[in-house]
Amino acid sequence: MTPARAIVLQSPVPNSDRIQALVDICLLDDVALIAISGRDAFKLEAEVDWLIIGDGTTPERIICTSTHTDDDDQDALGDALCLARSFSGGMVTSIASWLSGTR
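So the number in this note's numbering is just where the residue sits in the sequence shown, counting from 1, plus 511.
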C-alpha cells in the first residue's frame, strides 16, 4: 500500500493489530496527516500518536493527527475528509479493507 499524503481512519477500526504497521508505512511514505473520525476517535488518535512518537529517540517521526467527532458520523467523516484534502491536494487514501486484513 502506498498511501496519499493524508489518510482518514474511521473509528473503530476493524483490526487494531494492524495500526502499528499502518503508522510505520505512513512514516516511511511521508504521510502528513492521519485524520480520525467516528466513535472513540480520541482513543484511536492517542494510540496512533504514541505509535508515532515511539520511544522518543527519533524526533523526525512526525505526522499530524486530528479527531473529528459529531453526533452525526457523516458530518464528522466529512470534516475529516475536508481537512485531509487540504493537506494532500485532494488525494486521500482509503485503507479500510487493508486494516481489516482483506487486502
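Glycine is no exception: its CB is placed at the ideal position from the N, C-alpha and C atoms.
Judged by DSSP secondary structure, ALA532 falls within the alpha helix (DSSP H) whose first and last residues are 530-539. In the same chain as SER548, and ignoring 5 residues on each side of it, the C-beta atoms closer than 6 angstroms to its own belong to GLN521, HIS579, ALA587, LEU588, ALA591, in chain order. Counted as a single uninterrupted DSSP element, the alpha helix (DSSP H) harbouring ILE563 occupies residues 552-564. Taking all protein chains shown into account, LEU539 has fewer than 16 neighbouring C-beta atoms within 10 Å of its C-beta and is therefore exposed. If you ignore the 5 residues before and after ILE564, its C-beta comes within less than 7 angstroms of the C-beta of ARG572, all in its own chain and listed in chain order. One Cα belongs to ASP566, the other to ARG529, and the distance between them is close to 19 angstroms. In its chain, beyond the 5 residues on either side, GLY549, ARG550, ASP551, LEU555 have a beta carbon closer than 8 angstroms to the beta carbon of PRO523.
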